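The sequence shown: position 147 = 145 (the numbering used here), numbered continuously.
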Amino acid sequence: MNDDRAGALIDAGQLGAGAEAIVRDYGAQILGYLTSILRNDADAAEVFSQFTEDLWRGLPGFRGECPVRVWAYRLAWHAAARYLRDPYRQRGRRLETTELSRIAEEVRSSVLLGRREARQRGIDRLRARLSPDEQTLLVLRLDRGLSWREVATVLADDGAAVDEAALRKRFERLKDRLAQMAREEGLLE
-1 MNDDRAGALI DAGQLGAGAE AIVRDYGAQI LGYLTSILRN DADAAEVFSQ FTEDLWRGLP
59 GFRGECPVRV WAYRLAWHAA ARYLRDPYRQ RGRRLETTEL SRIAEEVRSS VLLGRREARQ
119 RGIDRLRARL SPDEQTLLVL RLDRGLSWRE VATVLADDGA AVDEAALRKR FERLKDRLAQ
179 MAREEGLLE
């Protein structure tokens, strides 16, 4: 994975090769990010397709004001946000397993899985209760290791910068909230 490779291809005017490098180098990371914030593989796949389309259309306008990786996450975030705001999606409802099946799966999981796996599932359940904005903040900062400046760039709306200090404070509050939720779930003592 090399940000310079995609950037060099884009700078050389090889936009097709640059787009391919971005998808090959960062695609798995971005799809994982989308899956974690959308909490559904099919939705993540749909938004990933939109991301690649946005990437292809937006590449000629890429100005290099941030690293290619950050720009790609920004495109993915905006594609996810559009998807979540879509009125058709909000009206429709997927068929989900029954409550009893979900409870049975939890019991099976807690009995059959070791403590570590059960704890990870508990953490996943906590993360699932977070909003897409909160998920994005956690994934980009903790899982992907982006700097505060890079996270602010990803989350910025067109022309509206996000204050890094405000992001840090929001992250601090989010950590406190997660710790409280973990204590309530019995994941922390």
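Where a beta carbon is used, it is the ideal one built from N, C-alpha and C, also for glycine. All figures in this text were calculated on a predicted structure; none of them were measured in a lab.
| Check | Outcome |
| --- | --- |
| Taking 6 Å as the limit between beta carbons, can you name the residues of its chain near residue 46, skipping five residues before and five after? | 29 and 32 |
| Assign residue 19 to one of two classes, buried (16 or more other C-beta atoms within 10 Å of its C-beta) or exposed (fewer than that). | buried |
| Can you tell me which of the three DSSP states residue 141 falls into? | helix |
| Assuming residue 75 and residue 152 form a contact by the criterion Cβ under 8 Å, report the distance between their Cβ atoms to the nearest whole angstrom. | 5 Å |
| Given that a residue counts as buried once 16 or more other Cβ atoms are within 10 Å of its Cβ, and exposed if not, what is residue 188? | Residue 188 is absent from the model: the chain starts at -1 and stops at 187. |
| Just to confirm, are residue 56 and residue 73 a CB contact at a threshold of 8 Å? | yes |
| On the three-state DSSP scale, how would you describe residue 177? | helix |
| Can you name, in chain order, every residue of its own chain whose Cβ lies under 6 Å from the Cβ of residue 160, other than the five neighbours on each side? | 150, 153 and 154 |
| Could you please give the first and the last residue of the uninterrupted alpha helix (DSSP H) stretch that includes residue 79? | 66 to 83 |
| Pick helix, strand or coil for residue 9, following the three-state DSSP scheme. | helix |
| Taking the DSSP output, what are the residues bridged to residue 155? | 158 |
| Give the range of the alpha helix (DSSP H) segment to which residue 44 is assigned. | 39 to 56 |
| Taking the alpha helix (DSSP H) that residue 132 belongs to, which residues open and close that run? | 130 to 136 |
| Take the Cβ of residue 68 as the centre, count every other Cβ of all protein chains shown within 10 Å, and call the residue buried at 16 or more, exposed below. | buried |
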